[in-house]
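S.K.:
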Amino acid sequence: MPGASASKNIYGTASSYPYVLKVSFKETATSVANNTSVISISGSLYGQYVSWASNYNSYLDIYWHDNRTNKNILVATSDAFTGNAMGQTRSVSKSITVTHNADGKLSGYAAIQFRAGSTSGGWSPPSTWLQTASTALTSIARASSISSLQGSVLGSAVIVGISRASSSFTHEVEYSYAESGWISVSTSAATSASFTPPVSLASQVPNATTGSLTVRVITMNGSTQVGSAVTKSINLSIPTSIVPTIGSATAARVDNGVPSDWGVYVVGFSQVEITFSASGASGSTIESNSISGPGIIANSNSATSSTFTVAGTKTYTCKTTDSRGRSATKSVSVIVVDYSNPSISVSAIRCNSDGTASANGTYLKVTCNYSIASVSGKNSVASRSVTCNGVSNTSFSSGAAFVLAAKCSIGSKYTLTATIKDALGKTATATIEIQTAERVMNVKANKKGIAFGKFAERDGYLEVAYKMLLENTFCMLTSGRIRQPLFMVSGSANGDGVVLGNSGGVVVLSSGKAYNSYINNVGAIDVTKKSAYVLCDDDLRIITGLQDPANRKSVYVYSNGVVEIPSTLHAASHVISNGGYLYSRANGKEIKIGSENASYCHYITTASTHWFNTQVYIAGALQVEGKLAAGTILHPTGAEWIGFYSSNANAYTNTKRKTYIGPNGTTNFYIQNEAGGSCIVNKAWSVGSDRRLKKDIENIPEIYMDIWKELNPKLFKWNDVNFGTGKNEFGLIAQDVIAAFEKHGLNYREYSLITPFIIGTPDEIDEENGSKKELTEYFSLSYDHYFMMTAQVVKKQQEEIDTLKQEVSELKELVKQLLGKEVS
Numbered sequence: 089m090p091g092a093s094a095s096k097n098i099y100g101t102a103s104s105y106p107y108v109l110k111v112s113f114k115e116t117a118t119s120v121a122n123n124t125s126v127i128s129i130s131g132s133l134y135g136q137y138v139s140w141a142s143n144y145n146s147y148l149d150i151y152w153h154d155n156r157t158n159k160n161i162l163v164a165t166s167d168a169f170t171g172n173a174m175g176q177t178r179s180v181s182k183s184i185t186v187t188h189n190a191d192g193k194l195s196g197y198a199a200i201q202f203r204a205g206s207t208s209g210g211w212s213p214p215s216t217w218l219q220t221a222s223t224a225l226t227s228i229a230r231a232s233s234i235s236s237l238q239g240s241v242l243g244s245a246v247i248v249g250i251s252r253a254s255s256s257f258t259h260e261v262e263y264s265y266a267e268s269g270w271i272s273v274s275t276s277a278a279t280s281a282s283f284t285p286p287v288s289l290a291s292q293v294p295n296a297t298t299g300s301l302t303v304r305v306i307t308m309n310g311s312t313q314v315g316s317a318v319t320k321s322i323n324l325s326i327p328t329s330i331v332p333t334i335g336s337a338t339a340a341r342v343d344n345g346v347p348s349d350w351g352v353y354v355v356g357f358s359q360v361e362i363t364f365s366a367s368g369a370s371g372s373t374i375e376s377n378s379i380s381g382p383g384i385i386a387n388s389n390s391a392t393s394s395t396f397t398v399a400g401t402k403t404y405t406c407k408t409t410d411s412r413g414r415s416a417t418k419s420v421s422v423i424v425v426d427y428s429n430p431s432i433s434v435s436a437i438r439c440n441s442d443g444t445a446s447a448n449g450t451y452l453k454v455t456c457n458y459s460i461a462s463v464s465g466k467n468s469v470a471s472r473s474v475t476c477n478g479v480s481n482t483s484f485s486s487g488a489a490f491v492l493a494a495k496c497s498i499g500s501k502y503t504l505t506a507t508i509k510d511a512l513g514k515t516a517t518a519t520i521e522i523q524t525a526e527r528v529m530n531v532k533a534n535k536k537g538i539a540f541g542k543f544a545e546r547d548g549y550l551e552v553a554y555k556m557l558l559e560n561t562f563c564m565l566t567s568g569r570i571r572q573p574l575f576m577v578s579g580s581a582n583g584d585g586v587v588l589g590n591s592g593g594v595v596v597l598s599s600g601k602a603y604n605s606y607i608n609n610v611g612a613i614d615v616t617k618k619s620a621y622v623l624c625d626d627d628l629r630i631i632t633g634l635q636d637p638a639n640r641k642s643v644y645v646y647s648n649g650v651v652e653i654p655s656t657l658h659a660a661s662h663v664i665s666n667g668g669y670l671y672s673r674a675n676g677k678e679i680k681i682g683s684e685n686a687s688y689c690h691y692i693t694t695a696s697t698h699w700f701n702t703q704v705y706i707a708g709a710l711q712v713e714g715k716l717a718a719g720t721i722l723h724p725t726g727a728e729w730i731g732f733y734s735s736n737a738n739a740y741t742n743t744k745r746k747t748y749i750g751p752n753g754t755t756n757f758y759i760q761n762e763a764g765g766s767c768i769v770n771k772a773w774s775v776g777s778d779r780r781l782k783k784d785i786e787n788i789p790e791i792y793m794d795i796w797k798e799l800n801p802k803l804f805k806w807n808d809v810n811f812g813t814g815k816n817e818f819g820l821i822a823q824d825v826i827a828a829f830e831k832h833g834l835n836y837r838e839y840s841l842i843t844p845f846i847i848g849t850p851d852e853i854d855e856e857n858g859s860k861k862e863l864t865e866y867f868s869l870s871y872d873h874y875f876m877m878t879a880q881v882v883k884k885q886q887e888e889i890d891t892l893k894q895e896v897s898e899l900k901e902l903v904k905q906l907l908g909k910e911v912s
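In case it helps, the numbering used here puts the sequence shown at residues 89 to 912.
1. Grab the span of the alpha helix (DSSP H) containing V896 for me, first residue to last.
2. Quick check on Y554: does DSSP put it in helix, strand or coil?
3. Quick one: grab the DSSP three-state call for I788.
4. Identify the residues that DSSP records as bridge partners of D154: which are they?
5. Can you tell me where the beta strand (DSSP E) with D510 in it begins and where it stops?
6. Three-state secondary structure (DSSP) at A930?
7. How many angstroms separate the CA atom of A290 from the CA atom of G196?
8. Under a Cβ-count criterion, where at least 16 other Cβ atoms within 10 Å of its own Cβ denotes burial, should S421 be classed as buried or exposed?
9. According to DSSP, what are the bridge partners of R304?
10. Just to confirm the assignment, what range does the beta strand (DSSP E) spanning Q359 have?
11. Please report how far the alpha carbon of I788 lies from the alpha carbon of Q880, in whole angstroms.
12. Tell me where the beta strand (DSSP E) around F804 begins and ends.
13. Taking the C-alpha atoms as reference points, what is the distance between S923 and T223?
14. Can you look up E728 in the DSSP assignment and give me helix, strand or coil?
15. Straight-line CA distance for F396 to A511?
16. For R915, which of helix, strand or coil comes out of DSSP?
17. Would G541 and V552 qualify as a contact pair, given that the criterion is a beta-carbon distance under 8 Å?
18. Given this structure, state the Cα-to-Cα distance separating L324 from A121, to the nearest angstrom.
19. Classify Y105 as helix, strand or coil using the three-state DSSP reduction.
20. Between the alpha carbons of A493 and S441, how many angstroms are there, rounded?
21. Is the Cβ-Cβ distance between Y265 and V273 less than 8 Å?
22. Does the pairing of the region 433-447 with the region 820-829 give three or more beta-carbon distances under 8 Å?
23. Since V825 is in the alpha helix (DSSP H), which residue starts that stretch and which ends it?
24. Would you tell me roughly how many angstroms separate the C-alpha atoms of S376 and T878, rounded to the nearest one?
25. Of the residues G413, S276, S348, which one's Cα is nearest the Cα of E888?
26. Within 10 Å of its beta-carbon, does Y549 have 16 or more other beta-carbons around it, so buried, or fewer, so exposed?
27. Using the three-state DSSP reduction, which class does K782 fall into: helix, strand or coil?
28. Using 8 Å as the threshold, is the C-beta distance between G192 and A253 below it?
29. Taking 8 Å as the cut-off, decide whether the C-beta atoms of Y147 and A164 are in contact.
30. Counting along the chain, where does the beta strand (DSSP E) carrying Q219 start and finish?
31. Using CA coordinates, which residue listed in L803, D547, V355, A337 is at the minimum distance from T363?
32. I'd like the span of the beta strand (DSSP E) that includes I437, first residue to last.
33. According to the Cβ coordinates, are G144 and V108 closer than 8 Å?
34. So the candidates are I271, E798, A339; which of them puts its Cα closest to the Cα of T403?
35. Looking at the unbroken beta strand (DSSP E) that takes in M174, where does it start and where does it end?
36. Specify the secondary structure class of I795 as computed by DSSP and reduced to three states.
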């Protein structure tokens, strides 16, 4: 076993013969259990040819010094002696137990000190110190360490690697998960141990998806513990299969008038109530519930949809989220049957009692066509009737003619009404007029009315049932003003048109569309002498031009429908000037100027102001010299009210120009549309946001966060360079947004994020083939709404980041406590 020794010759001043001073130590035993060694130390003083005698006591002291205490520890002192005879040895010795360092290692040395009583005679040696070299003692095996700890998920194996100092050591292995307490794994593990923590321990962390697993190893030498227990920790996640449970999801009909025994959902009537139950898993609790689907967005476990408007399968997603942030979903679907209101049409002719057609008949031969929605065969006709002149029929079939004994006088008009009602209480009605019998000319019995093609019915009127062709001008003027209409068309005037003479006047189109009618006097309305008036109860299209005399009056167009004045105003000769107006009022409908087939249409005037009181469609280019005002909408101030300039140098100007809205000043905004230009606004847009202006306010549900995650911004260029700048653009694709909404069962048309718009106008005619043009629906996006969704996602992510920061901080504090030092 380890040890060391040292010796030294020392002399008295009166002698040349030396005394020999010696010291030595030796490790004689070790204790693994106690981490100690037994050290035997001895020292001596010997003079072979020299001696001394004194009246004073001398001593020998032996010491121990090691690297654990770093002190000289007095071990023993010899008996006092006053001299030493020649050949005599003075000695001292003792064994001590020393404790090793925590790692089982220890180094040290032994020392001896001779303390002389007196050296006055010259024969006694002086006081002297002597020590051995520092020597390592036996390294004592200590407590084992955990060399590795592997595991990731509850319910899966955890492997513990143990590094032991002695092959005779065994180990007790235990673990705890979160606050579970210690659970024994092995009492005799050698260099490793494995175990599987049960999934049931997830209940220890009801509000998190991971928990801390700590393994503790106790080293044993036989039945004696060696050193202190050692620990090591890792995080084990809760299996992803541990999610909340949706026990049931049910759909209940809200019939709203649909007979309950039909057992169907019906468009326009039914709603659905969705309800589900949910529970947490392994200790978690339910934090939130939601339902989403057609007509439902709710943050609860029960909600009722809006009334169905579209047939088909409707799928609703029930979602629950627990305290761990984990979710489960379950879907429930219902089938909605289509429904439309009943429809009915009716026709009738005068006839005899046997149904034979007769213009002078007082009976009516009636044919009524009707239909009702099937509703999967559940619907039926509840009632039907045809009534005229107080006589009714309630037992007819659709499409089958029958004779109604209405006793309609040949000299009077009658109203015939047909009605159908279905089992859901919805009705449809059709009404037609039964005209008088035909007469080439008829004078009213009181001689106060005359009619052509029918019986005269009204006093003071000339009634005409035939078409009219006027070869000359009619004019009714009183004091230079038109008091009564000159001409009336009481039905449609499709294609044949109306001729107005050179003296001006009024054309009244009292009912029916006059879409392709025209007002013509050798190709134009001549308003040199008198103002011309055009009045129409329905749509009106003027398809010829206007003359250009030096001093014209005005053309006034009044209509309850759409007024169209197409490309015939494009020529410079069609200028309305010298105080004249084209004054169009459409009573809330639109006024159309220009044509898609015309390259451009000028509306040129030197008048100071031109008013458009309703919406104006311009298919070509519009040039206004002067001020253009639309009701009370445009009221900027400055030299120019509004100016539109083409960015196409070939349109009608040789210079590319800007398009301004409002004065071109530093305090107003303008729109710049030059090549490479952009929309410039020098003031921020402000959008109304007052709480008092809003309703149904709630936090944005998580389903919209899921939609946001599926939206991928794209890099693109516009097909038409006039639509954009011709450069690369960033943005979303509207169809992708629609698909994301529909994937989650949401109707995009219920959200202002996506706005459809139409290229083309209703009833627009293709002049090449005379058919209606197809309308094309396009989509625009309101990026403000997308940014609000993004803000909610960022807010959610920041909350998660803050939570993770807190968890990291707590883990660092735990590691600090375990290791006793800071962790970066």
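Quick reminder that beta carbons are idealized off the backbone N, C-alpha and C, glycines included. It should be emphasised that the depicted structure is a prediction, and the values quoted were computed from it without experimental measurement.
M.R.: Based on what the coordinates show:
1. 871-907
2. coil
3. coil
4. G196
5. 502-510
6. Residue coverage of the chain in this structure runs from 89 to 912, which leaves residue 930 outside it and unanswerable.
7. 53 Å
8. exposed
9. E262, T319
10. 359-367
11. 7 Å
12. 802-804
13. Absent from the model: residue 923. The displayed extent of the chain is 89 to 912, so no value can be given.
14. Confidence in E728 is poor, its pLDDT being 37 and thus under 50, which makes the residue's placement unreliable; the coordinate value appears in the next sentence. Three-state DSSP puts E728 in coil, outside helix and strand.
15. 19 Å
16. The question about residue 915 has no answer here: the residues shown for the chain are numbered 89 through 912.
17. yes
18. 35 Å
19. coil
20. 7 Å
21. no
22. no
23. 822-831
24. 21 Å
25. G413
26. exposed
27. coil
28. yes
29. no
30. 216-219
31. A337
32. 431-439
33. Correcting the residue type first, residue 144 is Tyr in the shown sequence and not Gly. It is not a contact, given that the beta carbons lie outside the stated cut-off.
34. A339
35. Segment: none, M174 is in no beta strand (DSSP E) and carries neither H nor E.
36. helix
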